[in-house]
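Beneath this line is the structure, given in structure tokens, with notes to follow.
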Amino acid sequence: MKSQANSLLHFPAHRPRRMRRDDWSRRLMQENVLTASNLIYPVFLLDGAHQSESVTSMPGVNRLSLDLLFPVAEECVALGIPVLALFPVIDAALKTPDGKEACNPNGLIPRAVAELKKRFPELGIMTDVALDPYTSHGQDGVLDADNRILNDETTAILVAQALTQAQAGVDIVAPSDMMDGRIQKIREALEQQNLIHTRIMAYSAKFASAFYGPFRDAVGSAKNLGKADKKTYQMDSANTDEALREVALDINEGADMVMVKPGMPYLDIVRRVKDAFEYPTYAYQVSGEYAMLKAAALNGWLDHDSVMMESLLAFKRAGADGILTYFALEAARLLKSK
Ligand code: PBG
Numbered sequence: 369m370k371s372q373a374n375s376l377l378h379f380p381a382h383r384p385r386r387m388r389r390d391d392w393s394r395r396l397m398q399e400n401v402l403t404a405s406n407l408i409y410p411v412f413l414l415d416g417a418h419q420s421e422s423v424t425s426m427p428g429v430n431r432l433s434l435d436l437l438f439p440v441a442e443e444c445v446a447l448g449i450p451v452l453a454l455f456p457v458i459d460a461a462l463k464t465p466d467g468k469e470a471c472n473p474n475g476l477i478p479r480a481v482a483e484l485k486k487r488f489p490e491l492g493i494m495t496d497v498a499l500d501p502y503t504s505h506g507q508d509g510v511l512d513a514d515n516r517i518l519n520d521e522t523t524a525i526l527v528a529q530a531l532t533q534a535q536a537g538v539d540i541v542a543p544s545d546m547m548d549g550r551i552q553k554i555r556e557a558l559e560q561q562n563l564i565h566t567r568i569m570a571y572s573a574k575f576a577s578a579f580y581g582p583f584r585d586a587v588g589s590a591k592n593l594g595k596a597d598k599k600t601y602q603m604d605s606a607n608t609d610e611a612l613r614e615v616a617l618d619i620n621e622g623a624d625m626v627m628v629k630p631g632m633p634y635l636d637i638v639r640r641v642k643d644a645f646e647y648p649t650y651a652y653q654v655s656g657e658y659a660m661l662k663a664a665a666l667n668g669w670l671d672h673d674s675v676m677m678e679s680l681l682a683f684k685r686a687g688a689d690g691i692l693t694y695f696a697l698e699a700a701r702l703l704k705s706k
């Protein structure tokens with residue numbers, strides 16, 4: 369590369385295509401690898417038994433009651449997927465302005481966590497810490513008279529929710545609410561209760577995104593939320609420095625892992641976070657990203673398996689250590705078959 373003269377004498381001096389010529393040499397210089405260990409599988413949980421409902425805007429995704437989730441958990445173990453992330457569909461009758469069902473030790477999530485850990489001790493279980501599936505207004509916190517989210521009052525409920533989940537035996541609590549200071553409060557409470565092994569994956573850089581639409585259909589918070597948005601707590605998609613400040617706070621407050629969300633439209637954030645902090649970094653390929661790829665594949669406009677794997681590898685290239693993705697099961701099956 370140094371000598372111009374040399375490269376002119378032996379044109380072309382460099383033939384990058386040589387290394388792309390054969391499968392073995394392409395493999396030899398592959399910089400990033402996706403494995404099942406990089407995948408976290410988010411699932412939607414229904415109360416009751418023998419219940420399965422498809423989510424219209426997420427083809428291939430079903431809300432399942434716990435009994436029907438057991439075979440899914442078993443397959444995750446068999447395929448080497450390390451973590452299952454649970455999202456509850458809460459009965460409308462249990463939703464309140466303060467979302468206090470989130471702290472019920474006999475609620476859907478704590479019961480599911482205890483059962484799953486009993487049957488699949490080797491499978492990591494993660495739960496969302498946020499109030500939106502439980503509130504009658506679909507916001508992630510409690511509101512003041514002007515319908516603004518109260519930060520510290522919300523955080524107090526989130527601490528109780530996280531403790532309830534940890535006491536049920538969950539491995540990872542994942543605050544997805546974006547309240548200020550909640551990681552510190554949750555970590556302090558866990559330490560005080562001697563729950564020193566509970567990991568915290570912080571949704572640190574979570575953007576106010578329209579890509580969450582299908583998720584809100586899936587957990588049934590869309591109609592409660594109506595036309596309201598989450599811009600007073602989730603981040604403005606115009607910002608990147610702010611994401612680094614949010615990640616710095618969560619690491620200082622005691623997070624074990626940090627997350628960027630959504631995924632594909634925010635890979636620049638993933639890269640900056642990984643480079644700046646060298647910390648376990650995750651990205652969430654959210655419901656709308658899944659819906660886009662599925663819809664195009666179902667129309668025959670994109671090749672399903674190829675775009676799925678290409679999209680997941682992009683997260684690794686951007687520096688993510690793992691990906692929360694609704695493709696987890698399909699991707700792990702494909703990886704195993706190869
Ligand atoms: C709840 C939460 C959301 C998602 C994960 N946890 C929705 C939101 O913030 O409105 C979105 C996940 C997805 O779209 O796949 N706080």
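Quick note, the numbering used here runs 368 ahead of the 1-based positions in the sequence shown. No residue lacks a Cβ here, since even glycine has one placed at the ideal position from N, Cα and C. This one's a predicted model, so the numbers in the text were calculated from it and none came from an experiment.
Item to check | Residues that P450 bridges to, as DSSP identifies them | outcome: Paired residues: none, contrary to the question.
Checklist entry - DSSP state of Q602, grouped into three classes? => result coil
Next on the checklist: Does the distance between the C-beta of D508 and the nearest non-hydrogen atom of the ligand PBG fall short of 7 Å?
Outcome noted: yes
Next on the checklist: Restricting to Cα atoms, I'd like to know which of Q507, G537, E556, E614 is closest to R584.
Outcome noted: Selected option, being the one with the closest Cα: Q507.
Checklist entry - Taking Cβ positions, are S544 and V615 nearer each other than 8 Å? => result For S544 and V615, no; Cβs fall outside 8 Å.
Next on the checklist: If I follow the unbroken beta strand (DSSP E) through N346, where does it start and stop?
Outcome noted: The first residue shown for the chain is 369 and the last is 706, placing residue 346 beyond what the model contains.
Checklist entry - Is the distance from the Cβ of K629 to the Cβ of Y652 below 8 Å? => result yes
Item to check | C-alpha distance - I449 paired with I458, whole-angstrom precision | outcome: Approximately 26 Å between the Cα atoms of the pair.
Checklist entry - So L661 and S679 are in contact, right, with Cβ under 8 Å, and what is the actual spacing, rounded? => result Indeed they touch by this definition, with Cβ atoms about 7 Å apart.
Item to check | DSSP-derived helix/strand/coil call for S655 | outcome: Helix at S655.
Checklist entry - Nearest to G467 by CA position, among R639, H505, S577, is which residue? => result H505
Next on the checklist: Going by beta-carbon coordinates alone, are S589 and D500 separated by less than 8 Å?
Outcome noted: yes
Checklist entry - In terms of alpha-carbon separation, which member of A480, L697, M546, D609 lies closest to I637? => result D609
Checklist entry - Would you say the beta carbon of A590 comes nearer than 7 Å to a heavy atom of the ligand PBG? => result no
Checklist entry - When DSSP builds the beta bridges, which residues end up paired with S420? => result According to DSSP, S420 bridges with L432.
Next on the checklist: I need the DSSP call for P465, collapsed to helix, strand or coil.
Outcome noted: coil
Checklist entry - I think A576 touches D548, with their Cβ atoms under 8 Å apart; what is that distance to the nearest whole Å? => result Actually they are not in contact, since the Cβ atoms of A576 and D548 sit about 16 Å apart, beyond 8 Å.
Checklist entry - Count the other CB atoms within 10 Å of the CB of M387; is the residue buried (16 or more) or exposed (fewer)? => result exposed
Checklist entry - Distance, Cα to Cα, A441 vs F488? => result 7 Å
Checklist entry - When the Cα atoms are used, what is the spatial distance from K485 to T403? => result 24 Å
Checklist entry - For I551 versus I568, is the C-beta spacing smaller than 8 Å? => result yes
Item to check | For T600 and I517, believed in contact at Cβ under 8 Å, the rounded distance | outcome: 6 Å
Next on the checklist: If we require 3 or more residues per run, which beta strand (DSSP E) segments fall completely within the stretch 447 to 534?
Outcome noted: 451 to 456, 492 to 497
Checklist entry - Hey, how far is the Cα of I408 from the Cα of T693? => result 6 Å
Checklist entry - Applying the criterion that 16 or more other CB atoms from any shown protein chain within 10 Å of the CB defines a buried residue, is E559 buried or exposed? => result Exposed: under 16 other Cβ atoms inside 10 Å.
Checklist entry - Do V411 and F455 have their C-beta atoms closer together than 8 Å? => result yes
Checklist entry - With a CB to CB cut of under 7 Å and the five nearest residues on each side skipped, what residues in its chain are close to P427? => result Taken in chain order, the residues that qualify are K662, L666.
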